[in-house]
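I have placed the structure first, in the form of C-alpha cells, so that the comments after it can refer back to it.
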Amino acid sequence: MPNLLKVGLITLVIVILGLVCVIGLAVGWVAWRQHKFASLEDSHNLGVQAGQMAQTYLKDRPRGALVIGIHQRGKDWVGGFGTTGGTPGAAPDGDSVFEIGSITKVFTGVVLARLVHDKVVALDDPISKHLPELAADGREKITLRQLATHTSGLPRLTGDFWQIATNRANPYAQYSAEQMYADVATVKLRRPPGTAYEYSNYGAALLGNLLANASGETYGELLERIVMRPLAMSDTAPTITPAMQARLVPGHSIRGETTPGWDFAGFAPAGALRSTANDMLRFIRFSLSPDETDLGRAVTLSTEVHSRISGEEVGLGWHRRKTVEELEFWWHNGGTGGYASFMAIDRKHQTGVIVIANSGDAMAGKFDVDRIGVDLMLKAARISLE
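The following block contains the structure:
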C-alpha cells in the first residue's frame, strides 16, 4: 500500500508539473506575440508586405489569381497578383469578379437587421410565425436571431442534401427553396435551439428565404434595395450579370484544375454572391463608420454581439474575433469549389481587408487566405500603407 501511495503521489506531481509547463508555455507564447506586435515599427509599406504574402500564396498555384484590398484610415489600396487566365500575363485587379461564398451571410445579416428596423420581422420571431404548419416538437421555437448566429440546432446541411445534390461539381444548384421549407419539418436537430453554436449553411439559407417571403421580395431584390444600390455596388449579386461574367476569374481546384461556378438556388442567402475587391471595399468603408441612414442602422445592429454561446461571439452574419495582441475585429470568410475569400473590419483602428482568390482551398481544408487576411489586419493596426 505505501508503494502504491508513493506511485500515486509521484504521478500527481508529474501531472501538476506538466500542467505548469503547459500553462507557462501558453503564457510565454501570448507574451511573445504581444511583444512582437507592440514592437512593430511603421515601415510605411503595408502594400509591399501584402504583395509578398500574395506571392508566397501563389508560389504553389501557377494558375492562381489573388486580389487584396485594404482600407486604412481613409485610404484604399488594391493589389492584383497571378493570372486571370485570359490575356497571357494579365493579372486580376479591383474589378475582377470572384465568388465570395459564405461572406454572403454577412449581407443576409444586414438584410435581417434592416427588416427588423422596418418592423417587417423581429429578431426573436419564431420560425413558426413564418412557417405556421410546423409541428410543435421544439423546432418551431427556433428564432431568426438563432438562424443568424448559428445557434438554431440545425445541421450544416440537411440529411437528404447529398441525395438531391447529385452534381458534386455544382452541389447547391438542384436544392430549391421549396425543398428547404419541406425539410424544416423533418431535419434532425443536432441539439436544442439556443444551447450551442454550430455553423449551419442550411440555417443561414433558411433565414434569407424567410426574409424574402416576409418582405414579398426575392432575396436578390432585397440585397439590391437594401445594400447594393445605396453603396453603388454594381458588381455584387447572387446571379452573375453579363458585365460581371466578362470579368469573372475562372475558379480552380486546389490541384489547379478549372472548376465550374457554383449556383445556389435555395441556398443563395448562404453563399451565392459574386463580387470584386472594389465593391467589397465600398462595403468595408461604410461598415467601419456606419451613419444614421437606414442602411447604417442595419449595419450597426448586425455588428452587435447577439450570441456568446460556446465561446463564439456572433453578430447577425458576422463573427467577432479577439486576438492575443488585443485586437478586435468583425470578420467572415468564404469558400466554394474554386474560390476562397476573407473579409474583416476593425473599427478602433479604422482598417479593413478583403482577400479573394480563385483556388478551392476550403475543399481541401486549407485556410491560407484567412491567414493572409488576419495577418494583414494585425499589420494594418501598426503599419501604414505609405
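In this text, residue positions in the sequence shown follow our numbering: the first is 7, and each later residue adds one. Cβ atoms here follow ideal geometry from the backbone N, Cα and C, with glycine treated the same way. The structure presented is a predicted model; accordingly, all values stated were derived computationally and were not measured.
His77 is bridged by DSSP to Asp82, Gly358. Beta-carbon to beta-carbon, Thr149 and Asp131 are separated by about 6 Å, close enough to satisfy the 8 Å threshold.
For His325, the uninterrupted beta strand (DSSP E) segment begins and ends at 325–328. Distances from the CA of Asp381 to each of Gly88, Ile74, Leu64, Arg67 were compared; the closest alpha carbon is that of Ile74. Taking C-alpha positions only, Ala179 is separated from Ala171 by approximately 7 Å. In the three-state reduction of the DSSP assignment, Pro132 falls in the strand class, which pools E and B.
In the DSSP assignment, Trp268 falls outside any alpha helix (DSSP H), carrying neither H nor E. The alpha-carbon of Tyr181 is positioned some 21 Å away from that of Leu229. DSSP places Phe348 inside the beta strand (DSSP E), whose first and last residues are 346–352. Along the length of the segment 147–227, whole beta strand (DSSP E) runs at least 3 residues long do not occur.
Comparing alpha carbon positions, the residue from Val255, Ala60, Leu287 closest to Ala96 is Val255. Ranked by Cα distance from Ile389, the options Leu279, Asp297, Ile76, Leu212 are led by Ile76. Taking Met239 as reference, the option from Asp66, Phe289, Ala128 with the minimal CA-CA separation is Phe289.
The Cβ atoms of Phe104 and Gly57 lie no closer than 8 Å to each other.
Three or more Cβ pairs drawn from the segment 250–268 and the segment 357–367 lie within less than 8 Å of each other, which places the two stretches in contact. Here Ala387 is buried. Its C-beta has 16 or more other C-beta atoms within 10 Å. Secondary structure of Gly371 (DSSP, three-state): coil.
Distances from the CA of Pro236 to each of Pro296, Pro199, Gly200 were compared; the closest alpha carbon is that of Pro296. Closest in C-alpha terms to Gly214, from the list Phe335, Thr201, Ser259, Pro244, comes Pro244. Listed in chain order, the non-local C-beta contacts of Ala283 below 6 Å within the same chain comprise Val73, Gly75, Val84, Gly100, Ile360, local neighbours out to five positions each way being set aside. Judged by DSSP in its simplified three-state form, Val103 adopts strand. Linking Met349 to His325 through their CA atoms gives a straight-line distance of about 11 Å. As the crow flies, the alpha-carbon of Trp337 is around 7 Å from that of Arg327. The closest CA to that of Arg151, considering only Gly371, Thr309, Gly379, is found on Thr309. Cβ atoms of Gly262 and Pro98 stay farther apart than 8 Å, at about 16 Å.
With a beta-carbon spacing of about 4 Å, Ser347 and Gly340 fall inside the 8 Å limit used to define contacts. At a Cβ-Cβ threshold of 8 Å, Ala119 and Ala211 do not count as neighbours. Only exposed fits Ile20, as fewer than 16 other CB atoms lie within 10 angstroms of its CB.
Beta-bridge pairing by DSSP links Val320 to Ser313, His325. If you draw a 10 Å sphere on the C-beta of Asp367, you find 16 or more other C-beta atoms in it, and that means buried. Counting along the chain, the unbroken alpha helix (DSSP H) around Asn284 starts and ends at 283–294.
Collapsing the DSSP output to three states places Arg231 in a helix. If you check the CB distance, Val126 and Ser221 come in under 8 Å. The residues Ile133, Ser134, Glu146, Val190, Ala191, in chain order, have a CB closer than 8 Å to that of Leu140 in the same chain once the five nearest residues on each side in sequence are set aside.
Shortest Cα-Cα distance from Val117 to any of Thr224, Thr90, Gln78, Ala175 involves Thr224. Among the bridge pairs identified by DSSP, Phe113 is matched with none.
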